[in-house]
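Whatever position you read off the sequence shown (first residue = 1), add 73 for this note's numbering.
Following: one structure in structure tokens, then a few remarks.
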Amino acid sequence: MPKRPKAAYAHTSPLRIFGERIRALRLARGWSQEKLAGLADRHLTYVSSIERAERNVTVLTIHRLADALGVDPGVLLTRDAGHIGREVRRLRGLARK
């Protein structure tokens, strides 16, 4: 049976990858952590700790962050790094408008 290609999760903590995705999408929007926290109904220090991979977030928080960022929640969890890149480019385009 052929081996599945290893995702980024194989070598890096899923919490770190999740935090990096939140940060990349937030920055693509041109937002501060404070703005994202307000839109997601979370505290600034909570968002900061997510980006530093110090929090294991709940499904509710994933949905609130995704809604605030304007992405599908699956974007925050996908193993497809190309998908993240496309979303970052899309959000940068929205931030410029």
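For every residue, glycine included, the Cβ atom is placed at its ideal position computed from N, Cα and C.
Remember, predicted model here, so these are calculated numbers, not experimental data.
Is GLU124 buried or exposed, if buried means 16 or more other CB atoms sit within 10 Å of its CB? GLU124 is buried by the Cβ-count criterion.
For ASP114, which of helix, strand or coil comes out of DSSP? ASP114: coil per DSSP, three-state reduction.
When we look at the beta-carbon of GLU127 and count the other beta-carbons within 10 Å, is it buried (16 or more) or exposed? Result: exposed.
Inter-residue spacing [alpha-carbon to alpha-carbon] between ALA97 and ARG159: For ALA97 and ARG159, the distance between alpha carbons rounds to 11 Å.
Under the three-state reduction of DSSP, which class applies to ARG159: helix, strand or coil? Reduced to three states, the DSSP call for ARG159 is helix.
Inspect the CB distances between the stretch 109 to 117 and the stretch 144 to 156 and report whether three or more fall short of 8 Å. No, because fewer than three Cβ pairs between the stretch 109 to 117 and the stretch 144 to 156 fall closer than 8 Å, the two stretches do not touch.
Let me check understanding here. Comparing Cα to Cα, which of ARG152, LEU142, ARG162, LEU167 lies closest to ALA110? Put simply, of ARG152, LEU142, ARG162, LEU167 the residue whose alpha carbon is nearest the alpha carbon of ALA110 is LEU142.
Name the two residues that bound the continuous alpha helix (DSSP H) containing ALA139. Start and end: 132 to 142.
Does the distance from the C-beta atom of ARG89 to that of ALA168 stay below 9 Å? No, the Cβ-Cβ distance between ARG89 and ALA168 is not below 9 Å.
For ARG128, which three-state DSSP category applies? Coil, per DSSP.
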